[in-house]
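Number of protein chains: 2
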Amino acid sequence: MKCCLAARKTRVVYATLRHADAVMKTSYPLPRIPVCKRFHLLEIKGDISVPDIRDVAQRAGCSIATVSRALNSPRQVRPQTLARVQAAVAELKFRPNAIGRQLRGERTGLIGVMLPTLGNPVFADCIEGIEAALGGTGQRLVLVTTRYDPERERNAIETLLQQRVDGLLLTLADAESNPLLDDLAAERVPFQLLYNDAQIRPAVSVDNRLAAADGVKMLIDAGHRDIAMISGALHASDRAKRRYLGYCDAMTMAGLSPRPALEIDFNAGARAAHVREALAQRTDAAWCPTALFCSNDLLALGVMRALRESGLRIPDDMSILGFDGLAFGELLSPTLATVSQPSVDIGRHAALRLLDQIAGRTDGGRALILPHAVRMGGTVKCRARAGAGVTPDYVA
Amino acid sequence: MKCCLAARKTRVVYATLRHADAVMKTSYPLPRIPVCKRFHLLEIKGDISVPDIRDVAQRAGCSIATVSRALNSPRQVRPQTLARVQAAVAELKFRPNAIGRQLRGERTGLIGVMLPTLGNPVFADCIEGIEAALGGTGQRLVLVTTRYDPERERNAIETLLQQRVDGLLLTLADAESNPLLDDLAAERVPFQLLYNDAQIRPAVSVDNRLAAADGVKMLIDAGHRDIAMISGALHASDRAKRRYLGYCDAMTMAGLSPRPALEIDFNAGARAAHVREALAQRTDAAWCPTALFCSNDLLALGVMRALRESGLRIPDDMSILGFDGLAFGELLSPTLATVSQPSVDIGRHAALRLLDQIAGRTDGGRALILPHAVRMGGTVKCRARAGAGVTPDYVA
DNA sequence: ATGAAAGCGCTAACAT
DNA sequence: ATGTTAGCGCTTTCAT
Numbered sequence: 001m002k003c004c005l006a007a008r009k010t011r012v013v014y015a016t017l018r019h020a021d022a023v024m025k026t027s028y029p030l031p032r033i034p035v036c037k038r039f040h041l042l043e044i045k046g047d048i049s050v051p052d053i054r055d056v057a058q059r060a061g062c063s064i065a066t067v068s069r070a071l072n073s074p075r076q077v078r079p080q081t082l083a084r085v086q087a088a089v090a091e092l093k094f095r096p097n098a099i100g101r102q103l104r105g106e107r108t109g110l111i112g113v114m115l116p117t118l119g120n121p122v123f124a125d126c127i128e129g130i131e132a133a134l135g136g137t138g139q140r141l142v143l144v145t146t147r148y149d150p151e152r153e154r155n156a157i158e159t160l161l162q163q164r165v166d167g168l169l170l171t172l173a174d175a176e177s178n179p180l181l182d183d184l185a186a187e188r189v190p191f192q193l194l195y196n197d198a199q200i201r202p203a204v205s206v207d208n209r210l211a212a213a214d215g216v217k218m219l220i221d222a223g224h225r226d227i228a229m230i231s232g233a234l235h236a237s238d239r240a241k242r243r244y245l246g247y248c249d250a251m252t253m254a255g256l257s258p259r260p261a262l263e264i265d266f267n268a269g270a271r272a273a274h275v276r277e278a279l280a281q282r283t284d285a286a287w288c289p290t291a292l293f294c295s296n297d298l299l300a301l302g303v304m305r306a307l308r309e310s311g312l313r314i315p316d317d318m319s320i321l322g323f324d325g326l327a328f329g330e331l332l333s334p335t336l337a338t339v340s341q342p343s344v345d346i347g348r349h350a351a352l353r354l355l356d357q358i359a360g361r362t363d364g365g366r367a368l369i370l371p372h373a374v375r376m377g378g379t380v381k382c383r384a385r386a387g388a389g390v391t392p393d394y395v396a
Numbered sequence: 001m002k003c004c005l006a007a008r009k010t011r012v013v014y015a016t017l018r019h020a021d022a023v024m025k026t027s028y029p030l031p032r033i034p035v036c037k038r039f040h041l042l043e044i045k046g047d048i049s050v051p052d053i054r055d056v057a058q059r060a061g062c063s064i065a066t067v068s069r070a071l072n073s074p075r076q077v078r079p080q081t082l083a084r085v086q087a088a089v090a091e092l093k094f095r096p097n098a099i100g101r102q103l104r105g106e107r108t109g110l111i112g113v114m115l116p117t118l119g120n121p122v123f124a125d126c127i128e129g130i131e132a133a134l135g136g137t138g139q140r141l142v143l144v145t146t147r148y149d150p151e152r153e154r155n156a157i158e159t160l161l162q163q164r165v166d167g168l169l170l171t172l173a174d175a176e177s178n179p180l181l182d183d184l185a186a187e188r189v190p191f192q193l194l195y196n197d198a199q200i201r202p203a204v205s206v207d208n209r210l211a212a213a214d215g216v217k218m219l220i221d222a223g224h225r226d227i228a229m230i231s232g233a234l235h236a237s238d239r240a241k242r243r244y245l246g247y248c249d250a251m252t253m254a255g256l257s258p259r260p261a262l263e264i265d266f267n268a269g270a271r272a273a274h275v276r277e278a279l280a281q282r283t284d285a286a287w288c289p290t291a292l293f294c295s296n297d298l299l300a301l302g303v304m305r306a307l308r309e310s311g312l313r314i315p316d317d318m319s320i321l322g323f324d325g326l327a328f329g330e331l332l333s334p335t336l337a338t339v340s341q342p343s344v345d346i347g348r349h350a351a352l353r354l355l356d357q358i359a360g361r362t363d364g365g366r367a368l369i370l371p372h373a374v375r376m377g378g379t380v381k382c383r384a385r386a387g388a389g390v391t392p393d394y395v396a
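Respectively, the protein sequence lines represent chains D and X.
With the numbering used here applied, the first sequence corresponds to residues 1 to 396, in that order.
With the numbering used here applied, the second sequence corresponds to residues 1 to 396, in that order.
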């Protein structure tokens, strides 16, 4: 084995020396410098290249099997041997190669996370929750963002599966009609959706429809009658769709007429312009809302800015309700009224469920609906009317 | 080869069937179900387990080398053969195993990203920039957060290196005294720092000291004389330290006395309480600032909230200057004055530099300093005094 | 308690 | 243009 080892080393060393021809012939085949030997390669004195388990074994005077055991189940090896191995590991600065382990083992310890963007703090918070749950488990996160682009979603999932992640945590633009999920289910890939509330899927979310309805009901209770909803492209987001349904529910329930949603292309940069355009539509019509339900907080912020630029005051000329519960909303003045969802918990629970699923303890389950909360705020004006009865208390 | 293939399949199938003893004996060794065979395992009809390159080869009637070539350099194979391989790939839903490739190849296509937290939008923005730069290159992100904890930093780097990432993008709590960086450099691991401006390192950042000085100078120009700086634990963050130096520079330059920084433990949850405590210190002293320079925007927001809870008005009773340039700051009223740094660009440039470095086109270089900008805002009151001369225009 | 060896999926050198 | 084969680093089975 010793000579074999030496040969291996020799090859690698010469490989670094610009593939010196004479030496290349001496061994077969001569691969390109492999990933595991990338660092240190040009130091020709003493120990060369990144040490592997065989180097450790040689140094400790035992077999690679023993080294492996010393690393993974130390109690299986004699204390004396263990000490020698540990010494060798330290001296060589041996760093176990996760790739070798992953190729051999039944798990990679990788979790694929796919989100639309990190520009929305909702998703950043969610990752914090995921990391918190993964905490000590030693799982690593592979992160991809998709910008709500179905094409990118498909590619990203494919990439993550090629990387053999143990499971996926994902937010799709639209989970309802998405064949990708059937594929994942058919392939038995453990996954949990985040935010998408497709009931039949393993998912962690709020009940978007109900939450939106609760929010709009709050507006109605505050005396508003003409309420419009504004959202990103409805067809592209199942959450927007559900929230729109919730808006309709609340309006209908109160005997009011829901209006078509004002759609704003989220991905287009010129947000303020689009908002003004949508508002122009509104102005043209005979109908004039006193309150705007925005399908998410980021949109609400953009809308508020656009309204102010148009000279409208909030909430006097227009009340605003968002959705998400961004912490920043509370720092605004007036504070942003919003329907808040527990982003950190969504991430945390999804990660925990995924771990259970990966471990085979569950099959992933169905949708887990977490509680939402309507957060009153200064962006909503109470058009106090005696007729409406008791004003309910909303959760802060 | 055919029988060999069959044997392999058989083994795997039976392995899923709870390690049926009689069959276990027939082949050697019988590994645990490897990672690549995790999905589909329990379907006993038809094709079983995840296909590998040999399955494709068999189906296409060629060798695995040909399949590999068809996948990686299609023009090297005869169109007819290529078609057969592609058909086989499609029929079997073959998904190349990145782990095998990584083990064999000289690169993993993995980029390790280590950041303190995603709770601060600065870092989320930075990731957006990184992703934008990585765009089409097919590199994947492995993400770890450290909560400014040196212990976690060490572990995270070790984990990422075990995963054989091609390079690292990282923000350290304190890069200056950090031996980890020497280790990385010694091991020839390509890396770029984000935000840390340790000049001798490969890093992308603003000049924190100068930027802070510019910000404080703005305060001085606005007529403030008693200016305090408030920050997270100074010893834990090189940026906070440099920004404090910048504060001192500007004060001294104007003939004013810099004060010791009011330190607030960032990681401790009870932020408002800590702020009040720090302010109490201030009140006890004879000295009373009219302006507060906060070492980052998130801190500024917390401070503002605490001040308001204490009944102080901003900017009338106290002016506030932040650092970071969070987009949210512009939505507040009053808008947050801040020293903005180009987070997205920091991420983008660092990623680009890292790619060059990985490709061997550069050695990583030294610090790249990007331009900062002082953003005036409503949180700063102009104590207009005729004596100060011309009021400069600050970049919006 | 330890060692020998097979093989995870893939790529590339060499041979044909 | 295609096939054969070694081997990347590791874990685990079986044998000792």
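Virtual Cβ for every residue (Gly too), placed ideally from N, Cα, C.
- Residue state for residue 236/X is assigned as helix, using DSSP reduced to three classes.
- Taking every protein chain shown into account, the CB of residue 153/D has 16 or more other CB atoms within 10 angstroms, so this residue is buried.
- Assignment of alpha helix (DSSP H) within the stretch 176 to 206 of chain D, counting only whole runs of 4 or more residues, yields 179 to 186 in chain order.
- Between residue 202/X and residue 364/X a beta carbon distance of about 4 Å is seen, short of the 8 Å cut, so the two are scored as contacting.
- The beta carbon of residue 208/D does not come within 8 Å of any beta carbon belonging to chain X, so the residue lies off that interface.
- Taking a 10 Å sphere around the C-beta of residue 72/X, we find fewer than 16 other C-beta atoms and assign the residue as exposed.
- In the three-state reduction of the DSSP assignment, residue 259/X falls in the coil class.
- Not flagged as an interface residue toward chain D: residue 191/X, since no C-beta distance is shorter than 8 Å.
- Residue pairing for residue 324/X: DSSP places it in a beta bridge opposite 340/X.
- Residue 264/X: not part of any beta strand (DSSP E); DSSP gives it neither H nor E.
- At a C-beta separation below 9 Å, residue 328/X has these neighbours in chain D: 121, 301, 326, 328, 331, 332.
- Taking 8 Å as the threshold, the shortest C-beta distance from residue 97/D to chain X falls below it.
- Straight-line measurement puts the Cα of residue 137/D at about 43 Å from the Cα of residue 333/X.
- Interface criterion met: the Cβ of residue 162/D is under 8 Å from a Cβ in chain X.
- About 6 Å separates the beta carbons of residue 289/X and residue 227/X, which is inside the 8 Å limit, making them a contact pair.
- Interface with chain X (8 Å Cβ-Cβ cutoff): residue 145/D is included.
- Beyond the five residues adjoining it in sequence on each side, residue 351/D comes within less than 6 Å, by CB distance, of 130, 133, 134 in the same chain, given in chain order.
- Here the stretch 357 to 377 of chain X lies against the stretch 190 to 204 of chain X, with 3 or more beta-carbon pairs under 8 Å apart.
- Within the model, the alpha-carbon separation for residue 149/D versus residue 116/D is close to 8 Å.
- Scanning its chain for C-beta atoms nearer than 6 Å, with the 5 sequence neighbours on each side dropped, one finds no residue around residue 99/D.
- For residue 124/D, the closest Cβ of chain X is nearer than 8 Å.
- Around residue 159/D, the beta-carbon contacts reaching into chain X at under 9 Å are 98, 138, 140.
- Taken atom to atom, the span from the alpha-carbon of residue 80/X to that of residue 97/X is near 25 Å.
- Going by DSSP, residue 129/X is part of the alpha helix (DSSP H) stretching over 121 to 134.
- Under a 10 Å Cβ-count criterion, residue 381/D is classified as buried, with 16 or more other Cβ atoms of the shown protein chains found around its own Cβ.
- DSSP places residue 318/D outside both helix and strand once states are collapsed to three, so it counts as coil.
- The closest CA to that of residue 87/X, considering only 56/X, 222/X, 347/X, 121/X, is found on 56/X.
- The stretch 292 to 308 of chain D and the stretch 222 to 240 of chain D touch, with three or more beta-carbon pairs separated by less than 8 Å.
- C-alpha of residue 329/D to C-alpha of residue 95/X: approximately 44 Å in a straight line.
- The three-state reading of DSSP puts residue 159/X in helix, counting H, G and I together.
- Beta-bridge annotation (DSSP): residue 376/D is not paired with any residue.
- Interface annotation, residue 305/X: in contact with chain D, CB-CB separation under 8 Å.
- Spanning the alpha carbons of residue 319/D and residue 335/D requires a straight line of approximately 11 Å.
- Annotation: residue 349/D to residue 204/D spans about 7 Å, alpha carbon to alpha carbon.
- In this structure, residue 124/X lies near residue 118/D, with their beta-carbon atoms less than 8 Å apart.
- Between residue 323/D and residue 345/D, the beta carbon gap of about 16 Å keeps them out of contact (Cβ cut-off 8 Å).
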